[in-house]
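Peer 1: Just so we're aligned, residue 1 is where the sequence shown starts under the UniProt record's numbering, counting upward by one. Note that beta-carbon positions come from the ideal geometry of N, C-alpha and C, so glycine has one too. Predicted model, so just to flag it, every value in this text is computed and none were measured. Before anything else, here's the structure in question.
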Amino acid sequence: MPGRTAKPHVFNVQSSLSKRNTSVIKRVFRYNSNIIYPCTLTSTPSDNGSERSKLFPGLQLLTMPNSKNILISGAGIAGPALAFLLTRCGHKCTIVERASQFRNAGQQIDISGNGLKVVKLMGLYHQAKEISCGESGLRFVNAKNETQAEFKAEDSDDKFTFVKDIEIMRGALADLLKNVTEHDTEYIFGNYITALREQDSCISVSFNEGLDRDFDLVVAADGLGSKTRGLVFNKDEVKYNSLNQCFALMSIPYEKQDGTWARWLAAPGRRCVFLRPRPNEGVTGAYLAFIGPDSGKIGRASAEEQKIEFARRFKDVDWEVPRILRELKSDRMVNFYAQEVAQVNTTNWVKGRVVLLGDAGYCPSPITGQGTSLAFIGAYILAGCITSMPNDLPSALLQYEKQLRPFVEKLQKLPPGGPKILNPETTWGIRILWTCLYSASVLQGFGARVLQYIIEPLSAIFGSKELVLPTYPSLEPALVKEDSAKS
Ligand SMILES: Cc1cc2nc3c(=O)[nH]c(=O)nc-3n(C[C@H](O)[C@H](O)[C@H](O)COP(=O)(O)OP(=O)(O)OC[C@H]3O[C@@H](n4cnc5c(N)ncnc54)[C@H](O)[C@@H]3O)c2cc1C
Numbered sequence: 001m002p003g004r005t006a007k008p009h010v011f012n013v014q015s016s017l018s019k020r021n022t023s024v025i026k027r028v029f030r031y032n033s034n035i036i037y038p039c040t041l042t043s044t045p046s047d048n049g050s051e052r053s054k055l056f057p058g059l060q061l062l063t064m065p066n067s068k069n070i071l072i073s074g075a076g077i078a079g080p081a082l083a084f085l086l087t088r089c090g091h092k093c094t095i096v097e098r099a100s101q102f103r104n105a106g107q108q109i110d111i112s113g114n115g116l117k118v119v120k121l122m123g124l125y126h127q128a129k130e131i132s133c134g135e136s137g138l139r140f141v142n143a144k145n146e147t148q149a150e151f152k153a154e155d156s157d158d159k160f161t162f163v164k165d166i167e168i169m170r171g172a173l174a175d176l177l178k179n180v181t182e183h184d185t186e187y188i189f190g191n192y193i194t195a196l197r198e199q200d201s202c203i204s205v206s207f208n209e210g211l212d213r214d215f216d217l218v219v220a221a222d223g224l225g226s227k228t229r230g231l232v233f234n235k236d237e238v239k240y241n242s243l244n245q246c247f248a249l250m251s252i253p254y255e256k257q258d259g260t261w262a263r264w265l266a267a268p269g270r271r272c273v274f275l276r277p278r279p280n281e282g283v284t285g286a287y288l289a290f291i292g293p294d295s296g297k298i299g300r301a302s303a304e305e306q307k308i309e310f311a312r313r314f315k316d317v318d319w320e321v322p323r324i325l326r327e328l329k330s331d332r333m334v335n336f337y338a339q340e341v342a343q344v345n346t347t348n349w350v351k352g353r354v355v356l357l358g359d360a361g362y363c364p365s366p367i368t369g370q371g372t373s374l375a376f377i378g379a380y381i382l383a384g385c386i387t388s389m390p391n392d393l394p395s396a397l398l399q400y401e402k403q404l405r406p407f408v409e410k411l412q413k414l415p416p417g418g419p420k421i422l423n424p425e426t427t428w429g430i431r432i433l434w435t436c437l438y439s440a441s442v443l444q445g446f447g448a449r450v451l452q453y454i455i456e457p458l459s460a461i462f463g464s465k466e467l468v469l470p471t472y473p474s475l476e477p478a479l480v481k482e483d484s485a486k487s
């Protein structure tokens with residue numbers, strides 16, 4: 001390992017440290033005591049004003065001889081997860097986020113399979129579990145609220161369930177990642193990359209605001225519609241595959257009948273309504289989705305236009321829908337987010353010193369339920385490859401793509417019909433769906449396999465098992481031990 005025999009650098013630390021920031025110092029000691037890399041704390045002018053610079057005046061970044069200076073575009077899930085892993089291995093990460101602050105909108109997202117393994121290895125499992133939503137399971141209901149099929153929440157990947165071990169609010173997850181990265185990652189909000197120029201030994205980056213800066217690597221983790229990807233990849237290299245579905249998410253006040261089970265109503269005309277209760281917070285997450293050729297147009301419209309369009313399309317649906325539409329039209333409406341359901345396929349994920357990560361490179365679409373798990377898996381494999389070969393970034397990036405792509409391609413394969421299979425056109429189609437779901441719910445193991453075959457998009461949990469997560473000794477400083485990660 002580079003620098004293994006070199007003497008650790010000596011550094012001075014301010015004596016008055018808060019508990020939280022003492023961990024930064026502890027980690028520095030851990031690196032030194034393990035003699036993984038000789039390291040030192042250095043200062044950079046760009047860090048002025050950060051919390052760390054207030055605490056350690058003159059002492060800033062953990063660096064090592066092979067330390068890389070990495071720019072990540074997008075402070076969603078994948079970007080901060082990558083920064084978490086890389087900074088703990090001595091690299092310097094800067095995250096530029098277009099929004100003026102962390103975006104904590106969104107509803108429940110699940111983390112399962114290998115994504116969950118990565119969360120455990122990062123030592124975040126217990127914190128994530130603490131803030132997970134804890135639903136009892138999912139009930140498919142008719143317009144009279146009568147249950148047609150139900151699936152209990154399961155904490156094992158061996159049992160089929162629609163409600164995973166960790167169903168966490170996206171905003172809470174974003175906050176958790178912020179809390180564990182903000183002390184050693186430089187965040188720039190309200191800004192974005194406008195140009196990238198490859199140089200011999202670096203890549204020069206221009207921003208919408210501020211001076212140009214040089215980095216060793218740029219990671220595009222800016223989501224489905226990634227602009228950074230658009231700066232580097234030609235249109236014919238990126239396939240944006242619309243699944244002709246648009247969904248809207250919002251929070252509405254919790255009512256007693258919401259109970260603790262998530263409830264799903266399929267409505268004729270390929271529409272569905274999904275309620276996810278969070279009684280402790282006094283809110284219920286409401287989802288509306290429809291399939292139609294104009295889903296892309298509505299997905300790109302303004303929030304106000306989207307609200308009008310969803311209200312128009314669901315006005316004839318009964319059950320809890322009048323209540324949802326009342327909230328949709330009211331000024332109280334918070335946490336509204338709508339998006340087209342789409343997949344992204346790029347011919348390659350690497351171009352020079354730019355690499356794609358998460359939805360920006362390979363969005364599997366929300367109907368697979370795997371976007372966030374994939375964000376964690378992608379961050380883990382990319383960090384593993386970079387830390388294994390910090391002085392040969394081209395090979396590291398190719399390895400990342402080689403190791404992850406077969407898994408992503410498998411996951412992105414949807415059966416003919418895609419989301420249509422769970423959103424029938426007619427009432428007869430809905431009855432057939434209920435019969436299949438009911439049979440699957442009572443048949444247990446066999447039922448799960450039948451269900452997997454019938455509605456593969458939502459059973460992607462099975463696919464995630466096929467990737468054997470590689471291990472990277474170079475990532476050790478960032479991970480907890482395998483044994484403690486299991487619990
Ligand atoms: C506000 C929000 C709410 C969401 N809610 C849900 C949900 O309820 N259910 C669900 O299944 N999925 C949701 N998603 C998508 C989900 O987070 C991702 O599919 C998954 O976690 C993969 O994460 P990602 O980091 O690759 O992408 P994302 O989580 O989409 O993060 C991308 C980040 O990049 C930022 N960004 C965009 N353009 C630029 C730019 N040009 N420069 C810099 N930054 C940029 C965005 O503001 C965002 O913070 C949501 C995404 C967002 C942004």
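Write down the C-beta distance between TYR254 and VAL273 rounded to the nearest angstrom, noting that I regard them as a contact closer than 8 Å.
Peer 2: Walking along the sequence shown from the start, residue 254 turns up at place 254. Walking along the sequence shown from the start, residue 273 turns up at place 273. Not confirmed; about 16 Å, so no contact.
Peer 1: Confirm the yes/no value for this check: CB of LYS227, any heavy atom of ligand 3, distance under 6 Å.
Peer 2: You won't find ligand 3 in this model; what it holds is ligand 1.
Peer 1: Keeping to the same chain, check which residues put their C-beta closer than 6 Å to that of VAL354; ignore five residues upstream and five downstream.
Peer 2: As a working note, residue 354 is residue 354 in the sequence shown. Contacts found: VAL218 and VAL232.
Peer 1: Enumerated in chain order, which unbroken segments of the beta strand (DSSP E) with a length of 3 residues or greater are wholly contained in the stretch 330-400?
Peer 2: 334-346 and 354-356
Peer 1: Measure from the alpha carbon of LEU398 to the alpha carbon of each residue in ASN234, ASN280 and TRP349, then state which is nearest.
Peer 2: Taking the sequence shown and counting its residues from 1, the one referred to as residue 398 is at position 398. Checking every option, the nearest Cα to that of LEU398 belongs to TRP349.
Peer 1: Helix, strand or coil for PHE29 per DSSP?
Peer 2: Counting from one through the sequence shown, the residue named residue 29 turns up at place 29. For PHE29, the pLDDT reaches just 35, beneath the cut-off of 50, and the residue's location in the model is therefore unreliable, although a value from the coordinates is still provided. Three-state DSSP puts PHE29 in a helix.
Peer 1: Does the distance from the CB of TYR125 to the CB of VAL118 come in under 7 Å?
Peer 2: Indexing the sequence shown from 1 puts residue 125 at position 125. Indexing the sequence shown from 1 puts residue 118 at position 118. Using a Cβ distance threshold of 7 Å, TYR125 and VAL118 do not count as a contacting pair.
Peer 1: Taking buried to mean at least 16 other C-beta atoms within 10 Å of its own C-beta, is GLU237 buried or exposed?
Peer 2: As a position in the sequence shown, residue 237 is number 237, starting the count at 1. Exposed, since its Cβ has fewer than 16 Cβ neighbours within 10 Å.
Peer 1: Name the one or two DSSP bridge partners that MET122 has.
Peer 2: Here residue 122 is taken as the residue at index 122 of the sequence shown, counted from 1. None, per the DSSP bridge assignment.
Peer 1: Between THR181, ALA128, ALA149 and GLN127, which has its C-alpha nearest CYS89's C-alpha?
Peer 2: By 1-based counting over the sequence shown, the position of residue 89 is 89. Answer by Cα proximity: THR181.
Peer 1: Can we say the stretch 337-347 touches the stretch 205-220, given the rule of at least three CB pairs closer than 8 Å?
Peer 2: no
Peer 1: Compute the minimum distance between the beta carbon of GLY74 and the heavy atoms of ligand 1, and state whether it is under 6 Å.
Peer 2: Mapped onto the sequence shown, residue 74 falls at position 74. Answer for GLY74: yes, Cβ within range of ligand 1.
Peer 1: Cα separation between GLY58 and LEU411?
Peer 2: For the purposes of this step, residue 58 is identified with residue 58 of the sequence shown, where counting begins at 1. For the purposes of this step, residue 411 is identified with residue 411 of the sequence shown, where counting begins at 1. Caution is warranted here: a pLDDT of 38 is assigned to GLY58, below 50, making its placement in the model unreliable, and no coordinate value can be reported.
Peer 1: Contact between the stretch 73-88 and the stretch 378-385: three or more CB pairs below 8 Å?
Peer 2: Between the stretch 73-88 and the stretch 378-385, the count of Cβ pairs shorter than 8 Å is three or higher; the stretches touch.
Peer 1: Measuring only the C-alpha atoms, how far is GLN148 from PHE140?
Peer 2: Within the sequence shown, numbered from 1, the residue matching residue 148 stands at position 148. Within the sequence shown, numbered from 1, the residue matching residue 140 stands at position 140. If I take the Cα positions, the gap works out to 5 Å.
Peer 1: Report the rounded CA-to-CA distance for ASN244 versus SER295, giving the unit in angstroms.
Peer 2: In the sequence shown, the residue the question calls residue 244 occupies position 244. In the sequence shown, the residue the question calls residue 295 occupies position 295. The alpha-carbon atoms of ASN244 and SER295 are separated by roughly 5 Å.
Peer 1: Where does the unbroken beta strand (DSSP E) through SER226 begin, and where does it stop?
Peer 2: Numbered from 1 along the sequence shown, position 226 holds the residue referred to as residue 226. Neither: SER226 is in no beta strand (DSSP E) and is coded neither H nor E.
Peer 1: Sorry if obvious, but does the Cβ on ALA105 come closer than 6 Å to a heavy atom of ligand 1?
Peer 2: Locating residue 105 in the sequence shown gives position 105, where the first residue counts as 1. Yes, the beta carbon of ALA105 sits closer than 6 Å to at least one heavy atom of ligand 1.
Peer 1: Measure how close the beta-carbons of CYS385 and TYR362 come, nearest whole angstrom, since I'm counting them as under 8 Å.
Peer 2: Counting from 1 along the sequence shown, the entry for residue 385 is found at position 385. Counting from 1 along the sequence shown, the entry for residue 362 is found at position 362. Rounded, the Cβ-Cβ distance is 16 Å, inconsistent with contact.
Peer 1: Give me, in chain order, the residues of the same chain whose beta-carbon lies closer than 6 Å to that of SER50; leave out the 5 immediate sequence neighbours on both sides.
Peer 2: As a first step, residue 50 is located in the sequence shown; it is residue number 50 there, counting from the start. Reliability of the predicted coordinates at SER50 is poor, the pLDDT of 43 falling under 50, and no value is obtained from them.
Peer 1: Does DSSP put PRO477 in a helix, in a strand, or in coil?
Peer 2: Counting from 1 along the sequence shown, the entry for residue 477 is found at position 477. In this structure, PRO477 counts as helix in the three-state DSSP scheme.
Peer 1: Following the continuous alpha helix (DSSP H) through TRP434, name the residue where it begins and the one where it ends.
Peer 2: Position 434 of the sequence shown, counted from the first residue, corresponds to residue 434. Looking at the DSSP string, the run of the alpha helix (DSSP H) that includes TRP434 is 427-442.
Peer 1: Can we count ILE109 as close to ligand 1, meaning its CB is less than 6 Å from some heavy atom?
Peer 2: In the sequence shown, the residue the question calls residue 109 occupies position 109. Yes, since a heavy atom of ligand 1 falls inside the 6 Å radius drawn around the Cβ of ILE109.
Peer 1: Tell me whether the beta-carbon of LEU224 lies closer than 7 Å to the beta-carbon of TYR337.
Peer 2: Locating residue 224 in the sequence shown gives position 224, counting from the first residue. Locating residue 337 in the sequence shown gives position 337, counting from the first residue. No, the pair does not count as a contact, with Cβ atoms beyond the cut-off.
Peer 1: Does the beta-carbon of ILE432 have 16 or more other beta-carbons within 10 angstroms, so that it is buried, or is it exposed?
Peer 2: For this step, residue 432 is matched to residue 432 along the sequence shown. ILE432 comes out exposed.
Peer 1: Entirely within the stretch 210-291 and at least 3 residues each: give me those beta strand (DSSP E) ranges in chain order.
Peer 2: Correct list: 213-215, 217-220, 238-253, 262-267, 271-278 and 283-291.
Peer 1: Taking 7 Å as the threshold (C-beta atoms), are ARG276 and ALA262 in contact?
Peer 2: Here residue 262 is taken as the residue at index 262 of the sequence shown, counted from 1. Here residue 276 is taken as the residue at index 276 of the sequence shown, counted from 1. Yes, Cβ-Cβ distance for ALA262 and ARG276 is below 7 Å.
Peer 1: With H, G and I counted as helix, E and B as strand and the rest as coil, what does DSSP make of ARG326?
Peer 2: Residue numbering aside, residue 326 sits at position 326 when the sequence shown is read from its first letter. Helix, per DSSP.
Peer 1: Between PHE151 and ILE193, what straight-line distance do the alpha-carbon atoms span, to the nearest angstrom?
Peer 2: Residue 151 sits at position 151 when you count from the first residue of the sequence shown. Residue 193 sits at position 193 when you count from the first residue of the sequence shown. Going from the Cα of PHE151 to the Cα of ILE193 covers about 45 Å.
Peer 1: Go through its chain and collect everything with a Cβ distance to THR471's Cβ below 6 Å, but skip five positions before and after it.
Peer 2: Position 471 of the sequence shown holds residue 471. None.
Peer 1: Identify whether ALA149 lies in helix, strand or coil by the three-state DSSP scheme.
Peer 2: Position 149 of the sequence shown, counting from 1, holds the residue named residue 149. In the structure shown, ALA149 sits in a strand (DSSP, three-state: E or B).
Peer 1: Could you check what DSSP says for GLY115 in three-state terms: helix, strand or coil?
Peer 2: Position 115 of the sequence shown, counted from the start, is the residue given in the question as residue 115. Residue state, collapsed to three classes: helix.
Peer 1: Look up VAL205 in the DSSP assignment and say whether it is helix, strand or coil.
Peer 2: Within the sequence shown, the letter at position 205 stands for residue 205. Three-state result, VAL205: strand.
Peer 1: For GLU186, report the span of its beta strand (DSSP E) as first-last.
Peer 2: Locating residue 186 in the sequence shown gives position 186, where the first residue counts as 1. 185-189 is the span of the beta strand (DSSP E), which, as asked, contains GLU186.
Peer 1: Which word fits ARG313, buried or exposed, when buried means at least 16 other C-beta atoms lie within 10 angstroms of its C-beta?
Peer 2: Sequence index remark: in the sequence shown, residue 313 carries index 313 (1-based). So ARG313 counts as buried.
Peer 1: What is the rounded straight-line gap between the Cα of ILE430 and the Cα of LEU71?
Peer 2: Sequence index remark: in the sequence shown, residue 430 carries index 430 (1-based). Sequence index remark: in the sequence shown, residue 71 carries index 71 (1-based). Each residue's alpha carbon lies about 48 Å from the other.
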